[in-house]
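Mapping of the sequence shown onto our numbering: position 65 corresponds to residue 401, and the numbering continues sequentially without gaps.
For each residue, glycine too, the CB sits at the ideal point set by N, CA and C.
A short worksheet on the structure shown next.
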Amino acid sequence: MEYTRPLARLIEYFQKLPSIGPKTAQRLALHILKTDKSEVENFAQAMIEAKSTIKYCSICFNISSVDPCEICSSTSRTKELVCVVAEAKDLIAIEKTNEYQGLYHVLGGLISPIDGIGPEDIKVKELLERVHKDDIKEVILALNPSVEGEATSLYLSKLLKPFGIKVSRIAYGIPLGSELEYTDELTLIRALETRLEM
337 MEYTRPLARL IEYFQKLPSI GPKTAQRLAL HILKTDKSEV ENFAQAMIEA KSTIKYCSIC
397 FNISSVDPCE ICSSTSRTKE LVCVVAEAKD LIAIEKTNEY QGLYHVLGGL ISPIDGIGPE
457 DIKVKELLER VHKDDIKEVI LALNPSVEGE ATSLYLSKLL KPFGIKVSRI AYGIPLGSEL
517 EYTDELTLIR ALETRLEM
């Protein structure tokens, strides 16, 4: 079926979003057409505002509208504890547990030679600099239990060992091959509590 050009264009843009196939894109586009114009304008404005104001924290590389981010600038967080995650979505998943009170370091990806991503393409150097200059006592590796997550965890643990700090990883009640962002809070809490030293 051929859509009128503005609808086809809207469907095309929705399909560019992760996990949105043609049918879902069509449903979303048709929903937008049924929605009040002021609501659509508010939605569009929210996207523009988020895109223009959100940046990366210069310390942990979390997404935030302030720099340093709210977590790094908090006085109530445990400064000696850093949880390393691949992406901001993983940080959000851990924060939802309300159990972890340390700081974070967002790598911005995982080592994946098959995809051409090496250690120099993610925030490894910045992590090592933080451990060197800050009074960090423990680094928790909270990376997805995938081949890339395992490779990145092993690589980081080897680099961090000479600093003489505790390097642990979250325990895996999390199924192999799953994503942290889709893991329920209770499983994440238990994985953090039963983390293992590497």
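Proximal residues to residue i (C-beta, below 6 Å), its chain only, five neighbours per side dropped
i, result
"L332", "Residue 332 cannot be examined here, being either before or after the span of the chain that is shown, 337 to 534."
"I399", "I390, A424"
"L364", "F350"
"A344", "none"
Local conformation of residue i per DSSP, three classes
i, result
"Y491", "helix"
"Y339", "coil"
"V453", "In the sequence under discussion, the amino acid at residue 453 is Ile, which differs from the Val named in the question. Looking at I453 - three-state DSSP - the assignment turns out to be strand."
"E406", "coil"
"S482", "coil"
"S374", "helix"
Close Cβ partners of residue i (< 8 Å) along its chain, the five nearest in sequence each way excluded
i, result
"K459", "F397, H441, V442, L443, G444"
"I428", "E517"
"S401", "T389, I390, K391"
"R531", "I476, S504, R505, I506, A507"
"T360", "F350"
Residue i classed as buried or exposed, judged by whether at least 16 other C-beta atoms fall within 10 angstroms
i, result
"G357", "exposed"
"T371", "exposed"
"T488", "buried"
"A386", "exposed"
"K412", "Per the sequence shown, residue 412 should be read as Ser rather than Lys. Exposed: under 16 other Cβ atoms inside 10 Å."
"T340", "exposed"
"I476", "buried"
"Q362", "buried"
"I450", "exposed"
"L446", "buried"
"D470", "exposed"
"L366", "exposed"
One or two residues paired with residue i in a DSSP bridge
i, result
"T414", "G438"
"L477", "V420, R505"
"S514", "None, per the DSSP bridge assignment."
"Y349", "Y349 pairs with nothing; no bridge assigned."
"K391", "S400"
"S355", "Bridge partners of S355: none, in fact."
"E533", "S504"
Sequence-distant residues of the same chain with beta carbon closer than 7 Å to residue i, five excluded per side
i, result
"D403", "K391, C393, S394"
"I472", "E416, V418, R466, I501"
"S448", "E484"
"E435", "I525, L528"
Whole-Å CB distance - residue i paired with residue j, under 8 Å assumed
i, j, result
"T414", "G452", "The Cβ separation is near 36 Å, so there is no contact."
"A422", "L479", "6 Å"
"T433", "L524", "5 Å"
"V280", "L492", "Residue 280 cannot be examined here, being either before or after the span of the chain that is shown, 337 to 534."
"S504", "E533", "5 Å"
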